[in-house]
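Student: Pasting in a structure now, in structure tokens, and then I'll have a few things to ask.
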Amino acid sequence: MPLPPDYDARVYAGVLGKIIGVYAGRPVENWTHARIAAELGEVRGYVNDRLGLPLIVPDDDITGTFTFLRALEDASWGADLTPQDVAEAWLNYIVEERTILWWGGLGNSTEHTAYLRLRGGVPAPRSGSAVLNGRVVAEQIGAQIFIDGWGMVAPGDPALAARLARAAASVSHDGEAVHAAVLLAAMEALAFVEDDLNRIYDAALAFIPGDSVIARLVGDLRAWRGAEPDWRVTRERIEAEYGYDRYGGLVHVVPNHALVQLALLYADGDFTRAMLIANTSGWDTDCNAGNVGCFLGIQQGLAAFEGQAFDWRSPVADRLYLPSAEGGRAVSDALTVAGRVAALGQRLAGETPVPPGGGARFHFSQPGSVQGFRAGGDGARVENVGGRALRLTPGGGEAVFLTPTFVPPDMLRHEGYGLVASPALHPGQTVRATLLPGDVAGVEARLVVRAYGPGDTLRPVFGPPTRLTPGEHHLAWQVPDTGGWPVAEVGVALRGAGDGALLGRLSWDGAPDVTLARPPGEGESWRRAWVNAVDVWEARFPEAYRMSHNRGRGLLLQGAEAWRDYRAEATLTPVLAEAFGLVVRAGGLRRYYALLLRRGGALQLVKVLGEETVLAETSCPWSFGEARGFALEVRGAAVWAWLDGELLLEARDGEEPLPGGAVGLVCEEGTVTCEAVRVTPLRGDVSRPRGDPISRPPSP
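According to this note's numbering, the sequence shown is numbered sequentially starting from 3.
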């Protein structure tokens, strides 16, 4: 089917609905209805402040939904997507015991169980099967909570949504859990083209067995809704006939699916009422409200949040977290995520995606979108203007308007799902902003970042000032060295009165010019800038990086997908290791180039894309305790490798070259130390024959 003309806006509204539902339900997750009634009455709006909890938090419901969808980018397309393709996304983006999943143990957490099966070599869908894991484990809620993206990439095509959802769900689940996920994905695909909920049910139910518990449950609820106007009475009936006492495990899908459908049936399309029902009903509230919110956002677009009794959007300001092994994507926003989801849907529909905002990181191209920007200063305000720009009003004096690019201070020590992330912006990269014509009389503008420093306090670093005059302004500034501390925020500072300025776009480009080492002073933020996928790396060690990994290959990664052509250098000392080395262009734990020294004396330049391929190798003896200098350069499809200053290996990756990504360190079954990693842009022509001299930056 052709894409709806407002497809981008409806996807954005769906993403907003998902995260709003999760944030609204998270504070009372796993509460019973009785406890909610006793302590809160009804869950109206956000209740996090009443319970002393943050609003914007990492959550598996959000992260799993939009991370596992990456299988479409990385592997097959459309109906050809297999469960094993999605399983590869699990293995690439999940950091064991640290990201995305509830790590509750084998047989206790369904997702943890499936992950251990995959790590042990069990292929999908057997990894999630009831035959292997038992029916109770296989029918918990996880497949349903991760499913919304598959509906959003198949607008108006419930058959495609059902096929994709079934492939994704069966990686970790089976039986009724898969039926629930397939039904919701088909309903969300239909929500793009159908307003009538009953017609959506009639069409979507065709994609699951008619004798399934989920199909029977939906039939019962539709009948009960026709006979009973009070949702509370029907909720009691759900508890009696489909409650937790009838279905085993900790969070079974059947009772919670019933509450999702309860909220949709009784809200009559009203977003605030749907949130109240989903979150007051208890059980797995954030999961259920997230599914409900996504459906209504898709069906109604941004109108779902307008004219409501509660302001759902302003407190969220589009902010969300996606902690995974690709740390540069972790600190994000709803419009950025929606753009990626919509691009997948466009490709599935046979269209060529056109990046909104000319590909700028921040472009504010949907009404009300602020992409995490907040105003700092007395009377300062941020407001979206017609889905084309942000009006930055300083309110007199000087004000800063910033959005996060890394873990904010309140998340550095957050308990719960950890925010594993890398900074999206580093020193040496050039920040660019477009200020549109507006009332700028007497206004001075400059770009600004805030970086961590000793004590993990944020300090501003300003670019040169520009006196604004009527007309369009283009600001550009290279972020200076921050002393090894990560950049946490970026934005614009304004000085003056009046209406301020209109920010049309803000982005950055280029490779970093940075030394990643232990900075002077106390603080944890520099360590948090690394995706930590090794067993042991502790702050108390004398070396900046003393990594130990007990089984298989461990990685430390830092950087972003926009890092394309650059040079990386590090001196590593193996205390004990089967292999160790340096990584470039990493896009997760199973997508990178690496220069490795292996036990036995082989020096290998390898590409890891699920499986490992040796691109070039030579013999090179080494010893425990002996420091060796590694260097890698990547430009286009070409990779060059140095050891101890000598160019030894080179290769041209002619098959699916990795386009860009993070730098990293490798420790395979042992302990390796390192003091610094140096990353620099490439300058001049590097298409030189092997063995030619090279002008290198000084070693760290």
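Here a beta-carbon is modelled for each residue, glycine too, at the ideal position from N, C-alpha and C.
On a predicted model such as this, the values are computed, not experimentally measured, just so you know.
In terms of alpha-carbon separation, which member of H551, G122 and D10 lies closest to T675?
Tutor: H551
Student: Give every residue of the same chain whose Cβ lies closer than 6 Å to the Cβ of V13, excluding the five residues on either side of it in the sequence, and list them in chain order.
Tutor: M154, A340, V343 and A344
Student: Please report the straight-line C-alpha distance between M3 and L83, rounded to a whole angstrom.
Tutor: 19 Å
Student: For the alpha helix (DSSP H) holding P85, just list the boundary residues, first then last.
Tutor: Its alpha helix (DSSP H) spans residues P85 to Y95.
Student: Tell me where the beta strand (DSSP E) around T682 begins and ends.
Tutor: A664 to P683
Student: Can you name the residues that DSSP bridges to P576?
Tutor: According to DSSP, P576 bridges with V674.
Student: Using the Cβ count rule (16 or more neighbours within 10 Å means buried), how would you classify G693?
Tutor: The predicted position of G693 is uncertain, since its pLDDT is 38 and thus under 50; no value can be drawn from it.
Student: When the Cα atoms are used, what is the spatial distance from R331 to A265?
Tutor: 32 Å
Student: List the whole-angstrom C-beta distance separating L470 from V445, where the pair is believed to meet the contact cut-off of C-beta under 8 Å.
Tutor: 5 Å
Student: Identify which residue in E613, Y594, E308 and A629 has its Cα closest to the Cα of V636.
Tutor: Y594
Student: If you draw a straight line from the alpha carbon of H56 to that of A26, how long is it in whole angstroms?
Tutor: Before going further, note that residue 56 is Pro rather than His in the sequence given. Those two C-alpha atoms are separated by around 11 Å.
Student: Thinking C-beta only, is W565 closer than 8 Å to A629?
Tutor: no
Student: Looking only at its chain, what residues have a beta carbon closer than 8 Å to the beta carbon of V463, apart from the 5 residues adjacent to it on each side?
Tutor: Around V463: V450, V451, R452, A453, V481, P482 and T484.
Student: Label T673 either buried or exposed according to how many other C-beta atoms from any shown protein chain fall within 10 Å of its C-beta, with 16 as the threshold for buried.
Tutor: T673 is buried by the Cβ-count criterion.
Student: Name the two residues that bound the continuous beta strand (DSSP E) containing S550.
Tutor: Y547 to Q560
Student: Cutting at 6 Å between CB atoms, please list the residues of its own chain near V253, excluding the five before and the five after it.
Tutor: Apart from the 5 residues on each side of it in sequence, V253 sits with its Cβ closer than 6 Å to the Cβ of Q142, I143 and D286 in its chain, given in chain order.
Student: If you drop the 5 nearest sequence neighbours on each side, which residues of the same chain put their C-beta closer than 6 Å to that of G455?
Tutor: R461 and W487
Student: Mapping the DSSP letters down to three states, classify S697 as helix, strand or coil.
Tutor: Because S697 sits at a pLDDT of 36, beneath the cut-off of 50, its placement in the model cannot be relied upon, and the point is left open.
Student: Using the beta-carbon count (16 or more within 10 Å), is R654 buried or exposed?
Tutor: exposed
Student: Please report how far the alpha carbon of Q146 lies from the alpha carbon of G107, in whole angstroms.
Tutor: In this structure, the CA atom of Q146 is about 20 Å from the CA atom of G107.
Student: When you compare the CB positions of G512 and S424, do they come within less than 8 Å of one another, or not?
Tutor: no
Student: Among G420, V492 and T517, which has the Cα closest to the Cα of R448?
Tutor: V492
Student: V402 and R393 look like a contact to me (Cβ under 8 Å); what is the Cβ gap, rounded to whole Å?
Tutor: Not really, about 15 Å apart at Cβ, beyond 8 Å.
Student: By DSSP's criteria, L645 is part of a beta bridge. Which residues make up the other side?
Tutor: F632 and E648
Student: What span of residues does the alpha helix (DSSP H) with E178 cover, start to end?
Tutor: E178 to A193
Student: Given 8 Å as the limit, is there contact between the stretch 590-610 and the stretch 643-658, that is, 3 or more CB pairs closer than that?
Tutor: Judged by Cβ distances under 8 Å, the stretch 590-610 makes contact with the stretch 643-658, as three or more pairs qualify.
Student: Roughly how many whole angstroms lie between the Cα atoms of G23 and A435?
Tutor: Between G23 and A435, the C-alpha separation is close to 33 Å.
Student: Along the chain, where does the beta strand (DSSP E) that runs through Q606 open and close?
Tutor: Start and end: A604 to L611.
Student: Closer than 6 Å by C-beta to R507: which residues in its own chain qualify, once you throw out the five before and the five after it? Chain order, please.
Tutor: Cβ within range, chain order: G359, A362, H365 and T436.
Student: According to DSSP, which residues form a beta bridge with P410?
Tutor: P410 is not bridged to any residue.
Student: Give the single residue among F297, I64 and D197 whose Cα lies nearest to the Cα of L185.
Tutor: F297
Student: Output the distance between the C-alpha atoms of W92 and G123, rounded to the nearest integer angstrom.
Tutor: Cα-Cα distance, rounded: 13 Å.
Student: How long is the line joining the alpha carbons of A490 and L53, rounded to whole angstroms?
Tutor: 27 Å
Student: For G603, which residues of its own chain have a beta-carbon under 8 Å away from its beta-carbon, when the five flanking residues on both sides are left out?
Tutor: S621, C622, P623 and W624
Student: Between Q560, L71, V641 and A40, which lies nearest to A327 when the distance is taken from Cα to Cα?
Tutor: Q560
Student: In the structure shown, what three-state DSSP assignment does S689 receive?
Tutor: Summary for S689: the model assigns pLDDT 44, below 50, so the residue's position carries little reliability; its value from the coordinates is reported in the next sentence. It is coil, neither helix nor strand.
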